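**Q** Quick one: the structure is below, and I'll ask about it shortly.
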Amino acid sequence: MLSIQLIREHPDQVRAAMALRHTETPLEEILALDEERRKLLHEAEDLRARRNEVSRELGRTREANPQAFEALRAEMRQVGDRIRELESAVAQVEERLEQLLLLLPNLPDPSVPEGAGEEDNSILRTEGEPRSFAFTPLPHWELGERLGIIDFERGVKLSGSRFYVLKGLGARLQRALIAWMLDFHTARGYTEVYPPALVKGEVMRGAGQLPKFFDNLYRDAEEDLFLIPTAEVPVTNLYRDEILSPEALPIYHVACTPCFRREKVSAGRDVRGIKRVHQFEKVEMYKFVAPETSGAELERMLADAEELCRLLEVPHRVVQICTGDLGFSAAKTYDLELWAPGCGEWLEVSSVSNCADFQARRANVRFRPEPNVRPQFPHTLNGSGLALPRTMIAVLEHYQQEDGSVRIPPVLLPYMGGVGVIK
RNA sequence: GGAGGGGUGGCCGAGCGGUUGAUGGCGGCGGUCUUGAAAACCGCAGUCCGCCUCACGGCGGGCCGUGGGUUCGAAUCCCACCCCCUCCGCCA
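The first sequence lines up with residues 315 to 737 when you count with the working numbering.
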């Protein structure tokens, strides 16, 4: 959420930022509602001040002067009615204002290149040579099926399309990847957390999923809980409504959770394999940091994610997301892609973003920079480190051998219980 | 699921419907004292919104689990909901 003060004081700046995102925003209505709200509030508060004053007086003169008491009481009854009217008017205006504010995306960071959409993203660097094959590399859905480690049919039998079952060394490989990545991040200072995968609506709102992306979320209507689409959602809200002490920041967390996505908008796309599924595991990094450090923290988080790609020894590249392709909550984002030779594409395995104070404001997470000063919003950052199915795809396809077997990346060997090859 | 108890400021804990943002204690911060520390003493300290000020700050309003209601006035009375604790039952 953007600060209403910012919108009020620098509407042109906000308008320009939204234009960079190619987003239509009802700024005029927001400004008008803000004006209206303050006008109504002013009147209501004046009346309340008057009522407070008189009520105190009444307590004292009730018995001393009955006539005066009755007259004032009658007047105050009317004042009370008027206050109630104003209060309900304020509530209405605020509700509408909040609705609009919650739909405004974050402001792009000034360092983000301009662009209309995905086609204007730029590749910052590519590391590692795509492996050359003496045979035609197979896509992971064929490898997985032949090796008996991914069972698509039974996944569909259980839950429908875009569901799958990992079996034997397939399940083991995923578990090895998760354990290795969690160990890696915790060794680099991230504290592991295991949050709920079902959260309240207000938690979704705090992370920016609601109200805009309602359609992409699974929901338990009876309990009014939502299944998380990423660990970013609960972790953003861990310190919801709290004021963190001066020495608390920076906070680094890492969490592995299941992620649930309805993929309504991508219906029909990537239906083969496990590239785009309704349920998957993801290891997620998350930071709460002092505002002035978030730029550098973003680069470090990207480095953390990138190091995983290097250690896996699979070619990767870093994509700079342009203003028109930024996610709703993000001010600046890098994507990380692994090369999958079987399906012949770069797969987004990580998205690393600085959300500035956008999520902190929505979730009302604050910190006190030093004792006895006004609390302020920290900046939050999130980044996958990494998403499991796509990392599995890249590993399986990159490490495949002519006989259809798959080597285990060296870095994972300690996690595979002595298995070096899946065959 | 049933029965009972409870939710007040960072923590503990008071609060006849009317100067109570809220007694007291602990913790925190600043000071006095001390070579230093402790102890003792003095003082300061919540948060949100709005307005005024370049700013330091000032003024007004809201906030005693949440939301309604009664009243001139509610932390205090009424209703609903949420959460926590204890016991019983049930399932692991």
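The beta-carbon is built from N, C-alpha and C at its ideal position, and this holds for glycine as well. All values reported here derive from a predicted model rather than from experimental measurement.
By Cβ distance below 6 angstroms, which residues in the same chain neighbour Glu-662 in space, the five residues on each side in sequence not counted?
**A** Locating residue 662 in the first sequence gives position 348, where the first residue counts as 1. Counting only Cβ-Cβ distances below 6 angstroms, and skipping sequence neighbours, we find Asp-649 and Glu-651.
**Q** Once you ignore the five residues that flank Arg-476 on each side, which residues in its own chain have a CB closer than 6 angstroms to its CB?
**A** As a working mapping, residue 476 is identified with position 162 in the first sequence. So the list reads Val-591 and His-592, once near-sequence residues are dropped.
**Q** State the beta-bridge partners of Arg-721 as determined by DSSP.
**A** The count along the first sequence starts at 1 and reaches residue 721 at position 407. BP columns for Arg-721 point to Val-735.
**Q** Scan the region 504–536 and note each continuous beta strand (DSSP E) run of 3 residues or more that stays entirely inside, going in chain order.
**A** Qualifying beta strand (DSSP E) stretches, in chain order: 512–514.
**Q** Just grab the DSSP bridge partners of Ser-698 for me.
**A** What you label residue 698 is simply residue 384 of the first sequence in a count that begins at 1. Paired residues: Glu-598.
**Q** Check whether the Cβ atoms of Ile-736 and His-454 sit closer than 8 angstroms, and answer yes or no.
**A** Taking the first sequence and counting its residues from 1, the one referred to as residue 736 is at position 422. Taking the first sequence and counting its residues from 1, the one referred to as residue 454 is at position 140. In this structure, His-454 does not lie closer than 8 angstroms to Ile-736 by Cβ.
**Q** Given that a residue counts as buried once 16 or more other Cβ atoms are within 10 Å of its Cβ, and exposed if not, what is Val-603?
**A** The residue given as residue 603 occupies position 289 in the first sequence. Val-603 comes out buried.
**Q** Between which two residues does the beta strand (DSSP E) holding Ala-569 run?
**A** Residue numbering aside, residue 569 sits at position 255 when the first sequence is read from its first letter. Residues 565–574.
**Q** Starting from Phe-323 and walking both ways along the alpha helix (DSSP H), at which residues does that stretch end?
**A** Taking the first residue of the first sequence as position 1, residue 323 is located at position 9. Note that residue 323 corresponds to Glu in the displayed sequence, not to Phe. Unbroken alpha helix (DSSP H) run through Glu-323: 318–323.
**Q** Are the beta-carbon atoms of Glu-432 and Asp-639 separated by less than 8 angstroms?
**A** Here residue 432 refers to the residue found at position 118 of the first sequence. Here residue 639 refers to the residue found at position 325 of the first sequence. Taking 8 angstroms as the Cβ cut-off, Glu-432 and Asp-639 qualify as a contacting pair.
**Q** Quick one: what does DSSP say His-630 is sitting in, helix, strand or coil?
**A** Counting from 1 along the first sequence, the entry for residue 630 is found at position 316. Strand.
**Q** Would you kindly check if the distance between the Cβ of Gly-697 and the Cβ of Val-666 is under 8 angstroms?
**A** Locating residue 666 in the first sequence gives position 352, where the first residue counts as 1. Locating residue 697 in the first sequence gives position 383, where the first residue counts as 1. Yes, Cβ-Cβ distance for Val-666 and Gly-697 is below 8 angstroms.
**Q** With a threshold of 7 angstroms on Cβ separation, who are the neighbours of Pro-340 within its own chain once the five nearest residues in sequence on each side are excluded?
**A** Taking the first residue of the first sequence as 1, we reach residue 340 at position 26. Closer than 7 angstroms at the Cβ level, and outside the excluded window around Pro-340, lie Leu-414.
**Q** State buried or exposed for Ile-397, treating a residue as buried only when at least 16 other CB atoms are found within 10 Å of its CB.
**A** In the first sequence, the residue the question calls residue 397 occupies position 83. Burial call: buried.
**Q** Restricting to Cα atoms, I'd like to know which of Leu-552, Ala-535 and Leu-531 is closest to Ile-542.
**A** Taking the first residue of the first sequence as 1, we reach residue 542 at position 228. Taking only the C-alpha atoms, the option nearest Ile-542 is Leu-531.
**Q** Quick check: does the Cβ of Ile-565 come within less than 7 angstroms of any heavy atom belonging to the ligand MN?
**A** Because no ligand of any kind appears in the structure shown, any question about the ligand MN cannot be addressed here.
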